[in-house]
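Numbering (my numbering), first residue to last: 3 to 51.
Shown next, in structure tokens, is the structure this report addresses.
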Amino acid sequence: MFQPFFLFTTNIDIFRYMPLISSHLYVLQIKIFFTHLILLVKNTLILEA
3 MFQPFFLFTT
13 NIDIFRYMPL
23 ISSHLYVLQI
33 KIFFTHLILL
43 VKNTLILEA
């Protein structure tokens, strides 16, 4: 299943795209974290009021 990918992709290509993929996932995690944080604060304010 994964053999064609490794045949056509050299190690250089993998290392070139790896920082891009990891940084994208990192940004996605931050967005999800802040979204949860905002929702939590909103719910707390609603309960307090």
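Glycine is no exception: its CB is placed at the ideal position from the N, C-alpha and C atoms.
Output the distance between the C-alpha atoms of residue i and residue j, rounded to the nearest integer angstrom.
i, j, result
"residue 35", "residue 23", "18 Å"
"residue 28", "residue 48", "30 Å"
"residue 41", "residue 30", "17 Å"
"residue 44", "residue 33", "16 Å"
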